[in-house]
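Each step along the sequence shown adds one to the number in UniProt numbering, with nothing skipped, and position 243 is 243. Backbone N, C-alpha and C fix where the C-beta goes; we use that ideal spot for every residue, glycine too. This one's a predicted model, so the numbers in the text were calculated from it and none came from an experiment.
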Amino acid sequence: MSSTPSRLPTTTMSRQNTPPFSNQIPVDPPDYVFPKNRLKSLMEFPDRTPVVLVACGSFSPITYLHLRMFEMAMDYFADQSTFELIGGYFSPVADGYAKSGLASWFHRVRMCDFAVIGSNWLMVDPWEASQSFYLRTAPVLDHFHECLNLGNEGGIALPDGSRKKIRIMLLAGGDLIQSFALPNVWAEKDLNHIIGYYGCVIIERTGTDVAEVLLSNDPLHKQRKSVFVVKQYIHNDISSTKIRLFVKRGLSIKYLVPDEVLHYIHDHKLYANPPANVEPQDE
């Protein structure tokens, strides 16, 4: 399977109605083409707001919980009449994030590619991962806005032939909303941009009271109508940290990650002793 998503014709995009952080978006890497191959091309319910979910993170490695977050969000949107979910993206962070146990961006993108191989609506965008430096979440969401909404073919087609702007939303776990409330972790302008301009879909996790966080934090409380909380009925605490530890200790990770990801980790000796940041290899 190629590490580069299917190539599609590009369109010329103007910066009209562009979000305020767009001047901080880096130039696209060479040969980069934004993946749209699994994106809905026509809205089923024209009166609803089309939504694309974006999950940002290390994904070192991607786990079944990461995939389940998208599926839980899909069920949530299917059970209401305001939004229509038209696609979802994994956007792995760049190597500049410098997190302990972070495999190279190339390997993390490949693992995400393998993880979504059986999905008909999830895609992997390598744009953020392939940057030479760490990018904040706000400009990353602006990148998705530009790729999905600007230009002659921006937005999604309606049955009458017109086009409708797509709303980008950040998909994350309850631990993220907790970090929003911590001092000096997120810039206030970034929070206002992420939540106010786009919106967040938060998957509740064990030990995280999202409602309490929204109630107790002034900036978050003001933007609470743009935070959509999804209850997790079957609790799942799989984490990438635990997966790396299991690999390091020689324990089985089968049924914790997709088999294709398991084989990739084994074949490339990722998260060995010690964890290695392996350079990309041509295959």
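Simplified DSSP assignment, three categories, for residue i
i	result
residue 255	coil
residue 168	strand
residue 87	strand
residue 203	strand
residue 50	strand
residue 176	helix
residue 219	helix
residue 45	coil
residue 210	helix
residue 65	helix
residue 244	helix
residue 144	helix
residue 163	strand
residue 156	strand
residue 122	strand
residue 227	strand
residue 151	coil
residue 196	helix
residue 138	helix
Nearest-angstrom beta carbon gap, residue j and residue i [assumed within contact, 8 Å]
i	j	result
residue 200	residue 170	5 Å
residue 288	residue 229	Within the shown structure, residues of the chain are numbered from 1 to 283, placing residue 288 beyond reach of any answer.
residue 59	residue 90	6 Å
residue 174	residue 194	In fact, because the Cβ distance is near 16 Å, the residues do not count as touching under 8 Å.
residue 285	residue 73	Residue 285 is absent from the structure shown; the chain starts at 1 and stops at 283.
residue 94	residue 133	6 Å
residue 92	residue 109	6 Å
residue 55	residue 172	7 Å
residue 77	residue 88	At roughly 11 Å, the Cβ-Cβ gap does not stay under 8 Å, so residue 77 and residue 88 are not in contact.
residue 196	residue 226	6 Å
residue 111	residue 264	6 Å
residue 31	residue 127	The pair is not a contact, with the Cβ atoms about 12 Å apart (cut-off 8 Å).
Beta-carbon proximity list for residue i, same chain, < 7 Å, skipping 5 on both sides
i	result
residue 253	243, 246, 247 and 262
residue 293	Any property of residue 293 remains undetermined from this structure, which presents the chain solely from 1 to 283.
residue 50	43, 84, 86, 156, 164, 166 and 167
residue 136	190
residue 158	43, 46 and 164
residue 65	236 and 238
residue 232	72, 203, 204 and 205
Close Cβ partners of residue i (< 8 Å) along its chain, the five nearest in sequence each way excluded
i	result
residue 272	247 and 248
residue 25	139, 142, 143 and 146
residue 68	236
residue 48	81, 82, 83 and 84
residue 221	214 and 215
residue 38	87, 119, 120, 121, 122 and 123
Sequence-distant residues of its chain with Cβ nearer than 6 Å to residue i (five each side left out)
i	result
residue 99	58
residue 97	134
residue 260	114
Across the segment 205-216 and the segment 182-191, are there enough close Cβ pairs to call them in contact, namely three or more that are closer than 8 Å?
no
Would you list, in sequence order, the uninterrupted alpha helix (DSSP H) runs of no fewer than 4 residues that lie entirely inside the segment 70-119?
105-115
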